[in-house]
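4 protein chains.
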Amino acid sequence: MNAAVRQIASITSATARRAVEAAVAAAEAAGQTSAIAVVDATGQLIAYTRMDGAPVQAAQIAQDKAYTAAGFGMPTGQWHDLMAADAPLGRGAGTAVDRLVPFGGGLPIRVDDRTIGGIGVSGGHWSDDDKVAQAGAAVVN
Amino acid sequence: MNAAVRQIASITSATARRAVEAAVAAAEAAGQTSAIAVVDATGQLIAYTRMDGAPVQAAQIAQDKAYTAAGFGMPTGQWHDLMAADAPLGRGAGTAVDRLVPFGGGLPIRVDDRTIGGIGVSGGHWSDDDKVAQAGAAVVN
Amino acid sequence: MNAAVRQIASITSATARRAVEAAVAAAEAAGQTSAIAVVDATGQLIAYTRMDGAPVQAAQIAQDKAYTAAGFGMPTGQWHDLMAADAPLGRGAGTAVDRLVPFGGGLPIRVDDRTIGGIGVSGGHWSDDDKVAQAGAAVVN
Amino acid sequence: MNAAVRQIASITSATARRAVEAAVAAAEAAGQTSAIAVVDATGQLIAYTRMDGAPVQAAQIAQDKAYTAAGFGMPTGQWHDLMAADAPLGRGAGTAVDRLVPFGGGLPIRVDDRTIGGIGVSGGHWSDDDKVAQAGAAVVN
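Residue numbers (our numbering), protein chains in the order written: chain V, 43 to 183; chain B, 43 to 183; chain E, 43 to 183; chain Z, 43 to 183.
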């Protein structure tokens with residue numbers, strides 16, 4: 043291996059699209075209308091859909107949840123406790139970190155303990171979005 | 043109906059302009075100077091005016107209130123209680139949701155229980171803005 | 043029908059995802075690596091993927107091609123002749139019209155002579171992108 | 043008059059709304075579907091509508107035409123000849139000047155040889171947009 047090169051382990055497009063379809067199926071089964079985004083290990087959008095009837099705002103929120111989860115390698119739902127326990131972070135993270143979504147609906151996508159991407163879901167309450175995201179991430183996780 | 047197509051029920055331009063005029067009349071009667079925006083069901087601006095003497099900032103706030111109300115199908119004034127009752131949402135929604143205005147002055151515009159658009163008013167206190175928005179929405183509601 | 047309401051005929055999410063999959067299949071068959079975007083009649087993103095190996099830039103270009111095609115109801119490839127034949131438009135359209143892509147790879151998606159959305163493809167030469175877009179649009183057209 | 047104060051002569055909100063309505067009537071008579079924007083002498087949006095069926099892009103183009111016309115006190119349609127006659131301007135104005143639209147459809151609104159605002163119209167060919175803008179500006183001019 044050339045020392046100048048590193049390998050970025052990242053989700054494939056085909057897998058990302060399967061994750062979106064699995065999330066759509068879970069949302070339909072739960073009566074949710076969601077926007078669903080999958081980003082790769084570098085935070086870039088790889089697969090996306092907005093279901094009929096999802097709020098316009100869900101487009102941005104779903105993409106930002108996926109970005110937040112993939113970048114930090116942590117479910118978005120863990121940010122609330124982190125921020126509550128750390129006053130400077132609690133005061134500052136929301137405005138200082140671009141695209142941070144500190145509530146549920148975003149999950150890292152992992153293989154062999156490595157984050158290869160993230161999935162973000164928006165459209166319902168964050169606790170429901172989280173279940174839809176889990177169904178999408180389960181294609182890999 | 044072709045299965046590839048769905049119909050998005052949305053406010054007409056003529057009705058949106060009538061809603062703006064009704065809101066202007068209500069604002070004048072109340073001694074308010076407001077910016078007033080009406081967006082369609084997809085969040086796009088359909089009719090707008092800024093009254094003489096309204097703050098420059100009211101332009102953006104009114105448009106964002108209309109967008110918030112139309113997208114979520116809920117008065118903007120309900121966000122305060124939602125956020126107070128749900129800590130992660132309370133911490134995160136203000137920064138994580140683009141253009142969210144979580145105080146009064148934005149109302150969905152509804153026909154037959156369907157949201158066909160939203161109206162947003164800014165320039166006074168949110169409780170006064172809300173009354174002006176109600177006068178605009180009453181053209182349809 | 044309430045006179046306050048108009049119906050916007052727009053592509054469904056399920057059909058938009060099928061169009062993306064059809065375009066991916068055509069790109070694979072042609073040895074192309076593409077980003078593929080489908081927007082609805084109002085210009086908003088409904089389905090998207092970026093294939094493995096497509097340039098980073100293809101993400102934005104594909105989305106803007108879809109937006110250009112859906113908004114104006116015209117293939118993006120027709121802009122070159124329009125601009126060549128009309129000096130003010132030729133000088134100004136590229137910078138004055140946000141997100142305008144005036145070369146091939148974007149197609150309106152039409153049902154019964156009505157534009158219900160648009161598809162945009164980027165990653166190869168525009169003439170190749172156009173063929174991939176045609177395969178996607180053929181799901182409906 | 044206090045020497046610290048200058049008066050900015052600017053179109054009223056009521057007049058701006060009348061200009062929009064006059065432009066809508068002219069567009070309807072001509073079978074055009076337009077977005078129509080009126081800005082004040084300081085370039086800020088005072089009245090706006092998008093007619094049913096106008097392209098999504100017309101929203102931005104109409105507002106930028108009004109801004110271009112009001113700021114420079116000149117019809118947008120004159121920019122093409124200016125730029126053709128002056129090579130540095132011709133090369134640079136399109137990218138160097140934010141929101142410049144160098145083709146027809148934008149007119150200054152004038153009283154007593156003073157520019158008090160601008161009107162911008164988009165949705166058809168710029169030559170048609172120009173006629174709709176003239177009908178709007180005629181409320182004052």
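Beta carbons are placed, not taken as given, at the ideal position from N, Cα and C, and that holds for glycine.
In the three-state reduction of the DSSP assignment, L149(E) falls in the strand class, which pools E and B. At least one CB of chain V lies nearer than 8 Å to the CB of I88(E). Under the Cβ criterion (8 Å, minimum of three pairs), the segment 106 to 123 of chain B does not count as touching the segment 46 to 63 of chain E. Around the beta-carbon of T157(E), 16 or more other beta-carbon atoms lie within 10 Å, marking it buried.
Residues of chain Z with a Cβ closer than 8 Å to the Cβ of T91(B) are, in chain order, S55, A58, R59, I88, A89 and Y90. Less than 8 Å separates the beta-carbon of G132(V) from that of A126(V). DSSP places G160(E) inside the beta strand (DSSP E), whose first and last residues are R156 to S164. Three or more Cβ pairs closer than 8 Å define a contact, and the segment 63 to 80 of chain V meets that threshold against the segment 173 to 181 of chain V. By the neighbour-count definition (other C-beta atoms within 10 Å, threshold 16), H122(Z) is a buried residue. Judged by DSSP in its simplified three-state form, A61(E) adopts helix. Each of Q99(Z), Q86(Z) and A77(Z) was checked against the Cα of R92(Z), and the nearest Cα belongs to A77(Z). With respect to F145(V), P130(B) sits close: the two C-beta atoms are nearer than 8 Å. Within chain Z, the residues placing a beta-carbon under 7 Å from that of G113(E) are P97, V98 and Q99, ordered along the chain. Contact check for A61(Z) against V182(Z) passes: the beta carbons are separated by less than 8 Å. A Cβ of chain B is located within less than 8 Å of the beta carbon of R48(E). Residue contact check for I158(E) against chain B: a CB pair falls below 8 Å. If you ignore the 5 residues before and after S55(V), its C-beta comes within less than 6 Å of the C-beta of I88, all in its own chain and listed in chain order. Residue contact check for D94(Z) against chain B: a CB pair falls below 8 Å. For A45(E), the closest Cβ of chain Z is not nearer than 8 Å.
Remark: C-beta atoms of G136(E) and W168(E) do not approach each other more closely than 8 Å.
Between the C-alpha atoms of Q102(B) and G115(V) there is a straight-line separation of about 35 Å. Here V98(E) is exposed, its C-beta having fewer than 16 other C-beta atoms within 10 Å. From the beta-carbon of V153(B), the residues of chain E found nearer than 7 Å are N44, A46 and V47.
A45(V) sits away from T75(V), with the two beta carbons spaced by 8 Å or more. Annotation: T118(B) to V143(B) spans about 6 Å, alpha carbon to alpha carbon. For V182(B), the neighbours in chain E by C-beta distance under 9 Å run, in chain order, N44, A46 and V47.
Taking C-alpha positions only, A65(E) is separated from R59(E) by approximately 10 Å. For chain E, the residues of the segment 120 to 135 of chain Z that bring a beta carbon within less than 7 Å of one of its beta carbons are H122 and M125, in chain order.
For a Cβ distance threshold of 7 Å, nothing in chain E lies close to Q74(Z): the least Cβ distance comes to about 15 Å. Ranked by Cα distance from Q86(Z), the options A180(Z), D94(Z), G178(Z) and G160(Z) are led by G160(Z). For Q49(E), the enclosing beta strand (DSSP E) has its first and last residue at V47 to I53. Taking 8 Å as the CB threshold, G162(B) stays off the interface with chain V. Judged by DSSP secondary structure, A89(V) falls within the beta strand (DSSP E) whose first and last residues are L87 to R92. Every unbroken stretch of the beta strand (DSSP E) spanning 3 or more residues and falling wholly within the segment 82 to 140 of chain B is given here in chain order: 87 to 92. The alpha carbon of R152(Z) has as its nearest neighbour, out of G166(Z), G162(Z) and A179(Z), the alpha carbon of A179(Z).
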